[in-house]
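In order, the protein sequences belong to chains A and B. Residue 720 is where the first sequence ends in my numbering, and the numbering goes up by one at each step. Residue 720 is where the second sequence ends in my numbering, and the numbering goes up by one at each step. The beta-carbon is built from N, C-alpha and C at its ideal position, and this holds for glycine as well. Since the model is a prediction, treat every value here as computed from it, not as a measurement. Comments concern the structure below.
Protein chains: 2
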Amino acid sequence: MNEQAPINLDYSTSEDAPSAREQEVLSVVLDLMVEEGDGFSMASVARRAACSKETLYRWYGDRDGLLTATVQWQASKVVMPKLDDANLSLETFSETLKAFASSWLTVLTGDVSIALNRLAVSHAGNNKSSLGRIVLENGPYAMRTRLLPIFLKGQKSGLINVRGDEAFRLFFGLVIADAQIRALLGDENKPSQNDIKQFAQSAVEQFLTLCGSKI
Amino acid sequence: MNEQAPINLDYSTSEDAPSAREQEVLSVVLDLMVEEGDGFSMASVARRAACSKETLYRWYGDRDGLLTATVQWQASKVVMPKLDDANLSLETFSETLKAFASSWLTVLTGDVSIALNRLAVSHAGNNKSSLGRIVLENGPYAMRTRLLPIFLKGQKSGLINVRGDEAFRLFFGLVIADAQIRALLGDENKPSQNDIKQFAQSAVEQFLTLCGSKI
DNA sequence: CTTGCGTAGTACCGTACGGTACGGTTCTGC
DNA sequence: GCAGAACCGTACCGTACGGTACTACGCAAG
C-alpha cells in the first residue's frame with residue numbers, strides 16, 4: 506500500500522558507515538540544523554568542520570547530497586526494539602508498548618528530530634530533493650514497520666483485536682497526538698520527561714481498552 | 506498556560522478586512538505557496554497579481570509582512586462551528602463532534618493547509634518571522650479554544666468525564682493521528698473523503714468510549 | 001629527497017532574490 | 001480639467017550563497 510517506487514535507501518549496503526571524519530562533518534551539519542534550521546550555508550559547514558568546501562562537494566556532490574547523508578546517518582542510529590515472542594503476557598505486552606511509546610515521544614520532541622523533520626517538511630514542498638520522502642521512510646513508515654510485527658504478536662496471543670494498519674494509526678494518535686506538530690510549529694511548551702511517561706502510560710492503557718480483544 | 510506574550514493578531518480589529526484588490530494579491534500568494542512552497546519570489550507574486558513590487562512593499566513592508574497577511578487572511582476565513590447548548594443529547598453531541606472532526610481532517614489534509622503549515626514549520630526554525638507562532642495560534646490553539654467549550658458542555662451534561670486539556674489531546678490524536686505529519690512530509694497517499702468520514706466516525710466513537718462518563 | 005595524493009583555505013564566478021528608484025499611466029477628488 | 005496620489009512595469013543595486021578553481025601544505029610511498 507505504501508511501499509511504492511523504493512527510493513535509494515542503501516546506506517546500509519553500499520557505503521556502509523561513514524568514516525570518523527565524515528561523521529564529524531555530518532555531526533556538524535546536525536548541529537547547524539538544530540541551531541539555524543535549513544538556513545545554514547555550505548561555507549558554515551566547512552568552517553565549523555574545519556574542512557574545505559571542495560571536500561564537501563567531492564564527498565557529497567551537492568548540498569542536497571550532504572543533507573541526505575546526514576538524514577540517513579541519523580536514521581541509522583535509531584535502534585530497533587525487540588520483543589521476545591515467547592512469554593507474551595498482557596503485562597509484558599503492555600510494558601513493551603509503554604517503553605516504546607515513551608522512547609518514541611522523547612525522540613520526536615527532541616531537538617534533532619524537530620530540526621530534521623522541519624527540514625524534511627520544508628523540502629517536501631519543493632519538488633526535487635527527496636528529503637521529505639527519506640524522512641517519511643525513516644520516520645512514520647519505519648515506526649509502522651517496527652510496530653506491525655509487535656501488534657501481530659499481540660493479536661496472535663489474543664491480546665488485541667484489530668487490523669494492523671488501524672492499530673498503528675490508533676497507537677500513533679494516542680501516543681503522539683498533537684505533540685509533534687506543536688513542536689514543529691515552535692511551541693516552547695515541550696512535554697517534560699514526566700509528562701511523556703504519563704502520556705505513554707495512559708496512551709497504552711487507552712489503546713488496550715479500545716482494541717483489547719473484545720469484539 | 507499557553508497564552509504568553511500575546512502576539513499581534515489584530516487583523517480583526519485594526520485593518521478589518523483586506524480590500525478586494527488586496528485579496529487578489531493574497532490569493533495569488535496562497536496559490537504560489539501551494540505550487541512552489543516557500544520558494545516563490547516577490548517578483549513572481551507581482552507578476553501573477555499584475556501589480557508592481559513597489560506596491561507589495563508599500564502595502565506589506567517586506568516579504569514576511571506579506572506572508573503574515575496571507576496567513577492571517579486565510580485563518581480569518583475559517584468559521585466557528587456552533588453547538589446549541591439546549592438540547593444536548595448524546596446523539597447531538599456525537600454528531601457535532603463527528604461533523605467537526607470530518608471538517609477538521611478535510612481542512613488539515615487540504616492543499617492550502619499543507620502549504621501553510623509547511624511554511625510555518627520551516628519558518629519556526631529560523632528565529633525572526635513569527636509565522637510559526639501565528640499558525641500555532643490559529644491552528645492547534647484555535648481548535649483547542651473552539652473545542653473546549655464543546656467538551657465543557659458535554660461534561661456538564663454528563664456525557665463525558667475528563668479534564669478539558671486531556672480531552673483535547675485525546676480528540677486530536679484520535680481524529681488527526683498521523684494524517685497531518687504524513688501529508689506535510691509529502692505522502693501522496695492522502696485520505697479520500699470517504700476515509701475521512703470513516704476516520705471521523707470511529708474517532709468519535711473511540712473518544713466517547715474512552716471518556717464517556719464511566720469513571 | 002622526491003613525487004604524488006588528499007585536503008585546508010581562499011579567491012572567484014554566476015545567479016537568484018530582496019528591496020529600491022523612477023518613468024509613465026490610471027484613478028480620484030475638487 | 002487639473003493636481004495629486006496610487007500604481008504598473010521595469011531597470012537597477014547589494015548581498016548571499018551554491019558551486020568551482022587554484023594554491024599551499026602535510027604525509028605516505030618509493
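Mapping DSSP to helix, strand and coil, what is residue i?
{"i": "B:I665", "result": "strand"}
{"i": "B:G691", "result": "coil"}
{"i": "A:G630", "result": "helix"}
{"i": "A:G717", "result": "coil"}
{"i": "A:V584", "result": "coil"}
{"i": "B:S607", "result": "helix"}
{"i": "B:G615", "result": "coil"}
{"i": "A:D543", "result": "helix"}
{"i": "A:L593", "result": "coil"}
{"i": "A:P645", "result": "helix"}
{"i": "B:D670", "result": "helix"}
{"i": "B:S635", "result": "coil"}
{"i": "B:A625", "result": "helix"}
{"i": "A:D536", "result": "helix"}
{"i": "A:A487", "result": "This structure cannot settle anything about residue 487 of chain A, because the visible part of chain A is limited to 506 through 720."}
{"i": "B:S599", "result": "helix"}
Who are the neighbours of residue i on chain B, taking C-beta pairs under 8 Å?
{"i": "A:V541", "result": "According to the sequence displayed, residue 541 of chain A carries Glu and not Val. Ordered by position in chain B, the residues that pass the 8 Å Cβ test against A:E541 are G630, N631."}
{"i": "A:R552", "result": "In chain order: nothing, as chain B lies at least about 19 Å away."}
{"i": "A:L715", "result": "Q711, T714, L715"}
Output yes or no for whether 9 Å exceeds the beta carbon distance between residue i and residue j.
{"i": "A:A548", "j": "A:V533", "result": "no"}
{"i": "B:I655", "j": "B:L602", "result": "yes"}
{"i": "A:D616", "j": "A:V680", "result": "no"}
{"i": "A:W578", "j": "A:L613", "result": "no"}
{"i": "B:S627", "j": "B:D543", "result": "yes"}
{"i": "B:L690", "j": "A:A625", "result": "yes"}
{"i": "A:L641", "j": "B:D692", "result": "yes"}
{"i": "A:N622", "j": "B:I686", "result": "yes"}
9 Å is my cut-off, CB to CB: does residue i come that close to chain B?
{"i": "A:R674", "result": "yes"}
{"i": "A:T573", "result": "no"}
{"i": "A:F605", "result": "no"}
{"i": "A:T614", "result": "no"}
{"i": "A:N507", "result": "Confidence in A:N507 is poor, its pLDDT being 30 and thus under 50, which makes the residue's placement unreliable; the coordinate value appears in the next sentence. Judged by the 9 Å Cβ criterion, A:N507 is in contact with chain B."}
{"i": "A:G544", "result": "yes"}
{"i": "A:A580", "result": "no"}
Hey, is residue i close to the ligand SAH, as in C-beta under 8 Å from one of its heavy atoms?
{"i": "A:Q698", "result": "The ligand SAH is not part of the structure shown, which contains no ligands of any sort."}
Could you work out which residues of chain B lie near residue i, taking near to mean beta carbons separated by less than 7 Å?
{"i": "A:A685", "result": "Per the sequence presented here, residue 685 of chain A reads as Gln, with Ala not at that position. Within chain B, the residues near A:Q685 are I686."}
{"i": "A:V626", "result": "R623, V626, S627, L689, L690"}
{"i": "A:F677", "result": "A682, D683"}
{"i": "A:R638", "result": "G691"}
Using a cut-off of 7 Å between C-beta atoms, extract the partners of residue i located in chain A.
{"i": "B:D692", "result": "L641"}
{"i": "B:R705", "result": "Checking the sequence, you will find Ala at residue 705 of chain B rather than Arg. None at all; the shortest Cβ gap to chain A is about 13 Å."}
Is residue i close to chain A, meaning its C-beta is less than 9 Å from at least one C-beta of that chain?
{"i": "B:P511", "result": "Confidence at B:P511 is low in this model, with a pLDDT of 29, below 50, so the placement of that residue should be treated as unreliable; the coordinate-derived value is given next. Judged by the 9 Å Cβ criterion, B:P511 is not in contact with chain A."}
{"i": "B:P645", "result": "yes"}
{"i": "B:I701", "result": "no"}
{"i": "B:Q711", "result": "yes"}
{"i": "B:E596", "result": "no"}
{"i": "B:A548", "result": "no"}
Which chain A residues sit within Cβ distance under 8 Å of residue i?
{"i": "B:S599", "result": "None at all; the shortest Cβ gap to chain A is about 16 Å."}
{"i": "B:A620", "result": "G630"}
| Cβ-based contacts, 7 Å cut-off: residues of the segment 648-672 of chain A near chain B | none
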